[in-house]
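Student: Residue numbers (this note's numbering): 9 to 279.
C-beta: ideal position from N, C-alpha, C; glycine also.
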Ligand SMILES: [Zn+2]
């Protein structure tokens with residue numbers, strides 16, 4: 009990438025290529041990461057970032073028995089990490105490795121610094137009614153994602169890289185277009201991931217009605233890493249809380265999540 013000044017024709021070519029890849033449903037976002045990875049020893053493993061929700065002074069939701077969400081999230085994260093690592097297909101990066109308080113933006117920053125290809129945030133809910141129970145999956149809402157892309161364009165225009173593109177080389181309007189392309193691609197991949205998560209979880213455990221939703225979670229706002237947040241179940245429901253405290257139940261959840269990740273790479277990314 010020696011072209012400090014990029015010509016309009018070359019730029020349009022790149023945009024067209026990016027748009028074509030986008031239309032083909034392939035992973036244009038991953039391409040620069042692949043290029044980087046060629047310098048690393050083979051075989052290349054997919055980098056999965058797993059984010060155990062809450063931690064440290066932030067316990068998250070508190071279960072009926074007094075157990076903290078941060079513990080359920082951490083234990084399940086470790087099981088998932090072990091399962092993924094054991095497949096030798098993935099390199100797992102954790103946003104926290106102990107009972108540490110990590111601000112939400114820092115979690116995203118750690119994922120991006122690690123060149124994460126997938127970001128999974130693990131939580132357990134407290135729902136409004138004690139009867140409500142079931143797992144659910146969130147992706148970033150389009151509106152929140154638009155706002156974040158605009159903010160990123162404004163904030164990181166000077167120095168940062170998104171999807172392997174050095175934004176400092178482009179005029180602000182061009183950066184906005186490039187970020188938007190990357191962001192849309194990321195949204196599509198996040199939704200594809202969420203569908204697989206819902207399917208696999210649904211085979212093993214009960215799902216909340218309307219089990220895939222979107223919201224403005226700060227931790228899902230990396231515009232270039234497909235991301236989903238999983239609520240493993242309700243700590244406010246007596247039965248489900250008991251299940252979530254059981255290691256074998258968490259193992260079942262972790263295996264479902266691992267299968268979703270496999271499916272995602274087999275059928276969505278196809279790499
Ligand atoms: Zn949470």
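#1: Please identify the residue among 181, 130, 246 whose C-alpha is closest to the C-alpha of residue 262.
#2: Pop quiz: residue 265 and residue 205 are said to be a contact at Cβ under 8 Å. What is the actual Cβ separation, rounded to whole angstroms?
#3: Does the separation of the CB atoms of residue 98 and residue 62 fall below 7 Å?
#4: Our contact map puts residue 60 next to residue 102 with C-beta atoms below 8 Å; I'd like the distance itself, whole angstroms only.
#5: Just to be sure I understand the criterion: a residue counts if its Cβ is closer than 5 Å to at least one heavy atom of ligand 1. Which residues meet that?
#6: Starting from the C-beta of residue 110, find all residues in its chain whose C-beta is less than 7 Å away, skip the five residues before and the five after it, and write them out in chain order.
#7: From this set, 276, 224, 138, 275, which residue's C-alpha is nearest residue 308's C-alpha?
#8: Counting along the chain, where does the alpha helix (DSSP H) carrying residue 79 start and finish?
#9: Let's see if you can read the secondary structure: which residues bound the alpha helix (DSSP H) around residue 120?
#10: Whose C-beta lies closer than 6 Å to the C-beta of residue 80 among residues of the same chain, with five residues either side of it excluded?
#11: Contact between the stretch 269 to 277 and the stretch 238 to 246 is defined here as three or more beta-carbon pairs at a separation below 8 Å; is this criterion met?
#12: Between which residues of its own chain and residue 148 is the CB-CB distance below 8 Å, once the five residues before and five after are set aside?
#13: Between which residues of its own chain and residue 291 is the CB-CB distance below 6 Å, once the five residues before and five after are set aside?
#14: In terms of DSSP beta bridges, what is residue 215 paired with?
#15: Count the other CB atoms within 10 Å of the CB of residue 268; is the residue buried (16 or more) or exposed (fewer)?
#16: Can the beta-carbon of residue 119 be found less than 7 Å from the beta-carbon of residue 233?
#17: Under a Cβ-count criterion, where at least 16 other Cβ atoms within 10 Å of its own Cβ denotes burial, should residue 83 be classed as buried or exposed?
#18: Would DSSP call residue 106 helix, strand or coil?
#19: Here's a check: name, in chain order, each residue in its chain whose Cβ is nearer than 7 Å to the Cβ of residue 85, leaving out the five neighbours to either side.
#20: Suppose you measure from the CA of residue 271 to the CA of residue 146; what does that come to, to the nearest Å?
#21: Which same chain residues, not among the five before or five after residue 219, have their C-beta less than 6 Å away from its C-beta?
#22: Check whether the Cβ atoms of residue 245 and residue 177 sit closer than 7 Å, and answer yes or no.
#23: How would you write the range of the alpha helix (DSSP H) that residue 244 sits in, first residue to last?
#24: Could you name the residues of the same chain whose beta carbon sits closer than 8 Å to that of residue 202, not counting the 5 residues immediately before and after it, in chain order?
#25: Please list the terminal residues of the continuous alpha helix (DSSP H) segment that includes residue 266.
#26: For residue 258, count neighbouring Cβ atoms within 10 angstroms of its own Cβ and tell me buried if that reaches 16, exposed if not.
#27: Please report the residue range of the beta strand (DSSP E) in which residue 60 lies.
#28: Here's the rule I'm using: 16 or more other beta-carbon atoms within 10 Å means buried, otherwise exposed. How should residue 193 be labelled?
Tutor: With the given structure in hand:
#1: Start at 1 with the first residue of the chain shown, and residue 262 comes out as number 254. The candidate whose alpha carbon is nearest that of residue 262 is 130.
#2: In the chain shown, counting from the first residue as 1, residue 265 sits at position 257. In the chain shown, counting from the first residue as 1, residue 205 sits at position 197. At roughly 7 Å, the Cβ-Cβ gap stays under 8 Å, so residue 265 and residue 205 are in contact.
#3: If you number the chain shown from 1, residue 98 lands on position 90. If you number the chain shown from 1, residue 62 lands on position 54. A distance of 7 Å or more separates the beta carbons of residue 98 and residue 62.
#4: Mapped onto the chain shown, residue 60 falls at position 52. Mapped onto the chain shown, residue 102 falls at position 94. With a Cβ gap of about 7 Å, residue 60 and residue 102 count as contacting.
#5: That gives 61, 68, 131.
#6: Along the chain shown, one-based indexing puts residue 110 at 102. Here the set comprises 63, 103, 104.
#7: Beyond the ends of the chain as shown, which are 9 and 279, falls residue 308; an answer cannot be given.
#8: Counting from one through the chain shown, the residue named residue 79 turns up at place 71. 77 to 94 is the extent of the alpha helix (DSSP H) around residue 79.
#9: As a position in the chain shown, residue 120 is number 112, starting the count at 1. Where residue 120 is concerned, the enclosing alpha helix (DSSP H) stretches over 112 to 121.
#10: To locate residue 80, count along the chain shown from 1; it is residue 72. Annotation for residue 80: 132, 252 place their beta carbon closer than 6 Å to its own, counting only its chain and skipping 5 residues before and after.
#11: Contact between the stretch 269 to 277 and the stretch 238 to 246 is absent, because fewer than three Cβ pairs lie under 8 Å.
#12: Along the chain shown, one-based indexing puts residue 148 at 140. Taken in chain order, the residues that qualify are 156, 195, 198, 222, 223, 224, 225, 228, 229, 235.
#13: Limits of the chain in this structure are 9 at one end and 279 at the other, which puts residue 291 out of reach.
#14: Indexing the chain shown from 1 puts residue 215 at position 207. Beta-bridge analysis with DSSP links residue 215 to 143.
#15: As a working mapping, residue 268 is identified with position 260 in the chain shown. Residue 268 counts as buried, since no fewer than 16 other beta carbons sit within 10 angstroms of its beta carbon.
#16: As a working mapping, residue 119 is identified with position 111 in the chain shown. As a working mapping, residue 233 is identified with position 225 in the chain shown. It is a contact, given that the beta carbons lie within the stated cut-off.
#17: Residue mapping note: residue 83 aligns to position 75 of the chain shown, counting from 1. Burial call: buried.
#18: The count along the chain shown starts at 1 and reaches residue 106 at position 98. Residue state, collapsed to three classes: coil.
#19: By 1-based counting over the chain shown, the position of residue 85 is 77. Closer than 7 Å at the Cβ level, and outside the excluded window around residue 85, lie 58, 60, 102, 130.
#20: Taking the first residue of the chain shown as position 1, residue 271 is located at position 263. Taking the first residue of the chain shown as position 1, residue 146 is located at position 138. Residue 271 and residue 146 have their alpha carbons spaced roughly 18 Å apart.
#21: Your numbering for residue 219 matches position 211 in the chain shown. Residues of the same chain with a CB within less than 6 Å of the CB of residue 219, apart from the 5 flanking positions on each side, are 144, 206 in chain order.
#22: Here the question's residue 245 lines up with position 237 in the chain shown. Here the question's residue 177 lines up with position 169 in the chain shown. No.
#23: Here residue 244 refers to the residue found at position 236 of the chain shown. Residue 244 -> no alpha helix (DSSP H), and no H or E assigned at all.
#24: The residue given as residue 202 occupies position 194 in the chain shown. So the list reads 145, 146, 147, 220, 236, once near-sequence residues are dropped.
#25: One-based indexing of the chain shown puts residue 266 at position 258. For residue 266, the enclosing alpha helix (DSSP H) covers residues 255 to 271.
#26: The sequence position of residue 258 within the chain shown is 250, counting from 1. Around the CB of residue 258, 16 or more other CB atoms lie within 10 Å, so the residue is classed as buried.
#27: In the chain shown, counting from the first residue as 1, residue 60 sits at position 52. Here the beta strand (DSSP E) through residue 60 covers 54 to 60.
#28: Your numbering for residue 193 matches position 185 in the chain shown. Buried, by the Cβ-count rule.
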